[in-house]
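> The sequence shown maps to residues 745 to 1097 in the numbering used here. Beta carbons: idealized from backbone N, C-alpha and C, even for Gly. Below is one structure. I have some questions about it.
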Amino acid sequence: MREPEGSTADFLRGLRHELRTPLNHIIGYSELLLDEVAAGGPSRLAPDLDKIHAAGTDLLALVDESLAAAKADAGVVDLTALSEAVRTPLNAVVGYSGMLQEDAVELGREDLVADLRRIEEAGKQVLGLVLAVLDLGRGAAAPVLSPPTAISGPAAPPLPSVEQSADQGSLLVVDDDEANRDMLARRLVRLGYTVALAEHGRAALDRLFFELGLPSQVLATDVDESVLQHARTGLWREDDLEGVPAPVRQQLFEPLSGGRLRVRERFASIIEYRRLDLLRDPYPNRRFHLIACRNVLIYFREADRLGVVQRLVDCLDDRGILFLGSTEVLLNPGMFGLATVSPSIYRKITDER
Ligand SMILES: C[S@@+](CC[C@H](N)C(=O)[O-])C[C@H]1O[C@@H](n2cnc3c(N)ncnc32)[C@H](O)[C@@H]1O
């Protein structure tokens, strides 16, 4: 047993993280391969994949138990015992994944080799750490932990096309670990989702705003030319954007001096400004995913209000969203073919009308 000393607790916490990442890769990739076998892949691979999966699960439990936060803080971690306990299952992971690569090639399933190689490399990565830990247990200086390394190896195969049952919708997977992204995305594709990937929050916002079509075009209208003129400048004050989350603000606006902001060019370029009188002009002959008409209906007489809502709904895509002001609640959204999502947000439900 070691006494807690200086940065030892930090080191142990870091070690736990360093070990868990590749162990999760071993578990995740073996599950993916077992899914593949269950879906009609080569059953000959199943027994060894089961062994790898079981070894990965045991290893993770062992690491979690031995390096639990409380133990790390108290310095009561027997690193030598831990590193010895993990060697046998680790050797099994590395050994079986190596053999399975040969089996896969023999069976004409070269497409499975990349994942098997990832398992082998994750096993070797943990073994490398274990060797370093053994040195520590013998009294050598604590090795400096590097940031988690993405597992190298051949590039991940492209995401499989959606070949499963019904389309469940689109999901964006955000994870800074490439292998985690890959594993999760492939699982979700199997479950019927269309999946996009991003390695961090900024990339995720980029994808959301400019690649996934949210939005790709914006039509901004008002009856008042001076309002449109002001909007076209793209200039706003900090106060105008109160309540807009910082990452979204950063994404859409560039800061200028004196607390002013300007809509970024790449977003400004997708906005079309047009004068439109909601009471008199013909509505655009287009379908929109989202129509935001906040605090405008309040200016209209009741009869006009109902007509405007109906015409806005007619311009919505099926399942499109209508966003009104908080005082413009629709008492009977069903009469417009709308369902309430939350107060002042409605979704078009054309099919059920
Ligand atoms: C209180 S502002 C709301 C602005 C913005 N929607 C918001 O929530 O901050 C009302 C806007 O409705 C516009 N408006 C009034 N009557 C209109 C009409 N008949 N057709 C289109 N826009 C109209 C006004 O010019 C004004 O810009």
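1. Check the C-beta distance from Glu1072 over to Ser1088 and give it rounded, since I have them as a contact under 8 Å.
2. Taking the alpha-carbon positions, what's the Leu932 to Leu963 distance?
3. Should the segment 802–814 be called in touch with the segment 849–863, which here means at least 3 C-beta pairs below 8 Å?
4. Smallest Cα separation from Leu1005: which of Asp1021, Arg981 and Arg831?
5. Roughly how many angstroms lie between the CA atoms of Ile1014 and Leu1000, to the nearest whole one?
6. Following the continuous beta strand (DSSP E) through Phe755, name the residue where it begins and the one where it ends.
7. Taking Cβ positions, are Pro786 and Leu851 nearer each other than 9 Å?
8. Sorted by chain position, which residues of the same chain lie with C-beta nearer than 8 Å to Pro1077's C-beta, five sequence neighbours on each side aside?
9. Just to confirm my understanding: we take Leu985, look at its own chain, exclude 5 residues before and 5 after, and list those with CB closer than 8 Å. What are they?
10. Going by the DSSP bridge assignment, what does Leu1104 pair with across the sheet?
11. For ligand 1, is there any heavy atom lying closer than 8 Å to the beta carbon of Arg760?
12. Give the DSSP-derived three-state secondary structure of Ala796 in the structure shown.
13. For Ser960, count neighbouring C-beta atoms within 10 Å of its own C-beta (all shown protein chains included) and say buried if the count is 16 or more, exposed if not.
14. DSSP three-state label for Gly852, please.
15. Gly1051 lies in the alpha helix (DSSP H); which residues open and close that run?
16. Going by the CB atoms, is the gap between Leu1074 and Val1040 shorter than 9 Å?
17. What is the residue span of the beta strand (DSSP E) that Val1085 lies within?
18. Evaluate the contact criterion for the segment 1063–1072 versus the segment 1018–1033: three or more CB pairs, one atom per stretch, below 8 Å.
19. In angstroms, rounded to a whole number, what distance separates the CA positions of Val918 and Asn768?
20. For Gly1081, which residues from the same chain have a beta carbon less than 7 Å from its beta carbon, with the 5 sequence-adjacent residues on both sides left out?
21. Can you tell me whether DSSP reads Ile938 as helix, strand or coil?
22. Express the C-alpha separation of Asp779 and Leu935 in angstroms, rounding to a whole number.
Let me spell this out:
1. Confirmed, about 7 Å.
2. Taking the straight line joining both Cα atoms gives about 34 Å.
3. As far as the Cβ criterion goes, the segment 802–814 does not touch the segment 849–863, which means the pair count is below three.
4. Of the candidates Asp1021, Arg981 and Arg831, the one whose C-alpha sits nearest the C-alpha of Leu1005 is Arg981.
5. Rounded to whole angstroms, Ile1014 to Leu1000 spans 21 Å at the Cα level.
6. According to the DSSP assignment, Phe755 belongs to no beta strand (DSSP E) but to the alpha helix (DSSP H) extending over Thr752 to Ala782.
7. Contact: yes.
8. If we look at Pro1077 and ignore the five residues flanking it on each side, its Cβ neighbours are Ala1083, Thr1084 and Tyr1090.
9. The residues are Arg993, Phe997 and Leu1005.
10. The displayed coordinates of the chain run from 745 to 1097. Any statement about residue 1104 would go beyond what the structure contains.
11. Checking every heavy atom of ligand 1 against the Cβ of Arg760, none is found closer than 8 Å.
12. Position check: residue 796 holds Ile in this sequence, whereas Ala was assumed. If DSSP states are grouped into helix, strand and coil, Ile796 belongs with the helices.
13. In this structure Ser960 is exposed. Its beta-carbon is surrounded by fewer than 16 other beta-carbon atoms within 10 angstroms.
14. In the three-state scheme derived from DSSP, where H, G and I count as helix and E and B as strand, Gly852 is classed as coil.
15. From DSSP, the alpha helix (DSSP H) with Gly1051 extends over Glu1046 to Asp1058.
16. Against a cut-off of 9 Å, the Cβ pair of Leu1074 and Val1040 comes out as no contact.
17. For Val1085, the uninterrupted beta strand (DSSP E) segment begins and ends at Leu1082 to Ser1086.
18. Output reads yes: the segment 1018–1033 touches the segment 1063–1072.
19. The alpha-carbon of Val918 is positioned some 17 Å away from that of Asn768.
20. The answer, listed in chain order, is Val1057, Lys1092, Ile1093, Thr1094 and Arg1097.
21. Reading off the sequence, residue 938 comes out as Thr, not Ile. Strand at Thr938.
22. C-alpha of Leu935 to C-alpha of Asp779: approximately 12 Å in a straight line.
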